[in-house]
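Enquirer:
Numbering (our numbering), first residue to last: 13 to 337.
In structure tokens:
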């Protein structure tokens, strides 16, 4: 079956998929083509961007409505272009420059493949997604798919056949601690309630991992996984002051809320450190937060590195505070 989906511009399938955990379930041929290898429609689905406003879908399943639903979620088409929501936000000029540098970035989600995303996020802690995580995932997919029960029962030697790093070897404990957490009905659950539950239950998962998991499986684009890239890019572009900005702390995230709106929604008191926390400081981004974090990841991993940034190649150096210092 071949589907032709008209897409609101700007849209880039490559820029959307490449930094996302959803890409762990695909093989990217780049040039606008991605083939799904695991999960729902794994081995059946191929996405190709034919034109800036056209996405071609090739699938071995004949249910056009279901296929279109999966594609719209996993290609990030469930949300209108985030560029449309920049006007009226603080630092509008900075956001526009980033949007021009990386046009068409969306936030893909895979609620139907929560298990696959959970595994990819668990493996991503403190390591390179492109260099290591994608390879570990593909080894697991070939052997066990995204079967949490089967993977949680693997022996140490079987895990070592996938990889010898602690990220791989701790996967068994992470999956075991996840048992009993209900997340199947994603769109009826409050993602902030789920966030507190995951933080207090899942072993080795801190705010960054939990926010990554929710951003990649819920319609919750306000979630911002706070990593080195977001901290570096946000501080160098003047969105936050690096000297008085701290990363989210798990113990506080379990007990408190970042904003008044979240506090009212989940019945948690406001965080006493919200004036210094990166996540709270950038909460004004609202539904654009996940989009900015995605762009910060792309820009930070390729150009705006914490050490030895490639300033001569930077497309937003004209507004960079780092160069002016």
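For glycine and all other residues, C-beta sits at the position ideal for the given N, C-alpha and C.
So, under 8 Å CB-CB, residue 37 and residue 122 are touching, yes? Tell me the CB distance rounded to an integer number of Å.
Expert: Between residue 122 and residue 37 the Cβ distance is about 7 Å, and since that is below 8 Å, they are a contact.
Enquirer: Check whether the segment 138-151 touches the segment 105-113, taking contact to mean three or more Cβ pairs, one atom from each stretch, closer than 8 Å.
Expert: No, they do not touch.
Enquirer: Using only CA atoms, which one of 14, 13, 47 lies nearest to residue 25?
Expert: Closest option to residue 25, Cα to Cα, is 47.
Enquirer: Could you pull out every unbroken alpha helix (DSSP H) segment of at least 4 residues lying fully inside the segment 248-316, listed in chain order?
Expert: Whole alpha helix (DSSP H) segments, 4+ residues: 262-267, 272-278, 290-293, 301-314.
Enquirer: Return the CA-CA distance between residue 20 and residue 62, expressed in angstroms with no decimal places.
Expert: The alpha-carbon atoms of residue 20 and residue 62 are separated by roughly 14 Å.
Enquirer: Kindly confirm or deny that the segment 84-104 and the segment 294-301 touch, where touching means at least three C-beta pairs closer than 8 Å.
Expert: A contact exists between the segment 84-104 and the segment 294-301.
Enquirer: If residue 166 and residue 184 are in contact, beta carbons under 8 Å, what's the gap, nearest whole angstrom?
Expert: Confirmed, about 7 Å.
Enquirer: Does DSSP put residue 61 in a helix, a strand or coil?
Expert: Residue 61: strand per DSSP, three-state reduction.
Enquirer: From residue 267 to residue 74, what distance separates their C-alpha atoms?
Expert: If I take the Cα positions, the gap works out to 47 Å.
Enquirer: Comparing C-alpha positions only, which one of 52, 290, 271 sits nearest to residue 281?
Expert: The candidate whose alpha carbon is nearest that of residue 281 is 271.
Enquirer: Would the beta-carbon of residue 249 fall within 8 Å of that of residue 117?
Expert: Taking 8 Å as the Cβ cut-off, residue 249 and residue 117 do not qualify as a contacting pair.
Enquirer: Measure the C-alpha to C-alpha separation of residue 193 and residue 209 and round it to an integer number of angstroms.
Expert: Taking the straight line from one Cα to the other gives about 8 Å.
Enquirer: Please state whether DSSP places residue 28 in a helix, a strand or coil.
Expert: If DSSP states are grouped into helix, strand and coil, residue 28 belongs with the helices.
Enquirer: Could you compute how far the alpha carbon of residue 59 sits from the alpha carbon of residue 255?
Expert: Taking the straight line joining both Cα atoms gives about 43 Å.
Enquirer: Give the range of the alpha helix (DSSP H) segment to which residue 84 is assigned.
Expert: Looking at the DSSP string, the run of the alpha helix (DSSP H) that includes residue 84 is 76-86.
Enquirer: Starting from residue 5, follow the alpha helix (DSSP H) in both directions and report where the run begins and ends.
Expert: Since the displayed the chain opens at 13 and closes at 337, residue 5 lies outside it and no answer follows.
Enquirer: Secondary structure at residue 153, three-state DSSP: helix, strand or coil?
Expert: Helix.
Enquirer: What are the boundary residues of the beta strand (DSSP E) that includes residue 70?
Expert: Per DSSP, residue 70 belongs to the beta strand (DSSP E) from 66-71.
Enquirer: Can you find at least 3 beta carbon pairs, one from the segment 217-225 and one from the segment 259-266, that sit closer than 8 Å?
Expert: Yes, since at least three Cβ pairs between the segment 217-225 and the segment 259-266 fall closer than 8 Å, the two stretches touch.
Enquirer: Rounded to a whole number of angstroms, what is the C-alpha to C-alpha distance between residue 294 and residue 252?
Expert: Spanning the two alpha carbons is a distance of roughly 8 Å.
Enquirer: Cβ atoms of residue 308 and residue 232: under 8 Å apart, would you say?
Expert: Contact flag unset, no.
Enquirer: Give me whichever residues DSSP pairs with residue 47 in a beta bridge.
Expert: According to DSSP, which records beta bridges pairwise, residue 47 is partnered with 39, 58.
Enquirer: Just how far apart, CA to CA, sit residue 325 and residue 315?
Expert: Answer to the nearest angstrom: the Cα atoms are 7 Å apart.
Enquirer: At the 8 Å Cβ level, is residue 28 part of the contact set with chain B, yes or no?
Expert: In summary, chain B is missing from the structure at hand, where a single protein chain is found.
Enquirer: Rounded to whole angstroms, what is the Cα-Cα separation between residue 287 and residue 238?
Expert: One C-alpha to the other measures close to 15 Å.
Enquirer: Can you say whether residue 205 is buried or exposed, counting buried as having 16 or more other CB atoms within 10 angstroms of its CB?
Expert: Burial call: exposed.
Enquirer: Looking at the structure shown, is residue 160 part of a helix, part of a strand, or coil, going by DSSP?
Expert: Here residue 160 sits in helix by DSSP.
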